[in-house]
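**Q**
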Amino acid sequence: MPTPDLRVPDASRPTVQPRALSPRAAIETHCFAIRAAAQPGILPRLMELFAKRNLVPTKWHSAVIGPNGEDLQVDIQMEGIEAELAGYIARCLRQIYGVDSVLTSTKTAG
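For the sequence shown, the working numbering assigns the number 521 to the initial residue and increments by one for each residue that follows.
1. From what residue to what residue does the alpha helix (DSSP H) around Leu-605 run?
2. Which of the three DSSP states, helix, strand or coil, is assigned to Ala-558?
3. Report the CB separation of Met-598 from Thr-549 in whole angstroms; it is logged as a contact under 8 Å.
4. Helix, strand or coil for Leu-541? Go by DSSP, reduced to three states.
5. In chain order, what residues of the same chain have a beta carbon less than 8 Å from the beta carbon of Ser-649, not counting five sequence neighbours either side?
6. Distance check for Gly-607 and Ser-621, CA to CA, integer angstroms please.
7. Which residues in the same chain as Arg-614 place their Cβ atom closer than 7 Å to its Cβ, once the five residues preceding and following it in sequence are excluded?
8. So, with DSSP's three-state summary, where would you put Glu-548?
9. DSSP on Glu-470, reduced to helix/strand/coil?
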């Protein structure tokens, strides 16, 4: 079977014309900065709040900090959720045993 010449336009295929770029809606990213005790169960408990809502955080970074490695700093970014849900998740994060503080912020891209 001969291979078709891809350089020649095929009359049976419609040609695709480039479209003008449409303005994108601004996407909000909700950020959570969490300080907690460096205990083995903390990270799964934090992730559970997102997982049980069928959400996967856009970014997740955690590090053991402190002079003796006694604290955990977790930075989570979640793109595209409503502000009310982000506030609710922040309140739930603050109630987890071992969590010392949760700071929130919002950034907009687009």
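Cβ coordinates follow ideal geometry from the N, Cα and C atoms, glycine included.
**A** Taking the definition as stated:
1. Here residue 605 refers to the residue found at position 85 when the sequence shown is read from its first residue. First-last of the alpha helix (DSSP H) with Leu-605: 603–614.
2. The count along the sequence shown starts at 1 and reaches residue 558 at position 38. Reduced to three states, the DSSP call for Ala-558 is coil.
3. Here residue 598 is taken as the residue at index 78 of the sequence shown, counted from 1. Here residue 549 is taken as the residue at index 29 of the sequence shown, counted from 1. Indeed they touch by this definition, with Cβ atoms about 7 Å apart.
4. Position 21 of the sequence shown holds residue 541. In this predicted model, Leu-541 has a pLDDT of only 49, less than 50, meaning its place in the structure is not dependable enough to derive any value.
5. Nothing about residue 649 can be read from this structure; the chain reaches only from 521 to 630.
6. Your numbering for residue 621 matches position 101 in the sequence shown. Your numbering for residue 607 matches position 87 in the sequence shown. Pairing Ser-621 with Gly-607, the inter-Cα distance amounts to about 14 Å.
7. Numbered from its first residue, the sequence shown carries residue 614 at position 94. Contacts found: Val-622.
8. In the sequence shown, the residue the question calls residue 548 occupies position 28. Residue state, collapsed to three classes: strand.
9. Coverage of the chain is limited to positions 521 through 630, which leaves residue 470 absent and any answer about it impossible.
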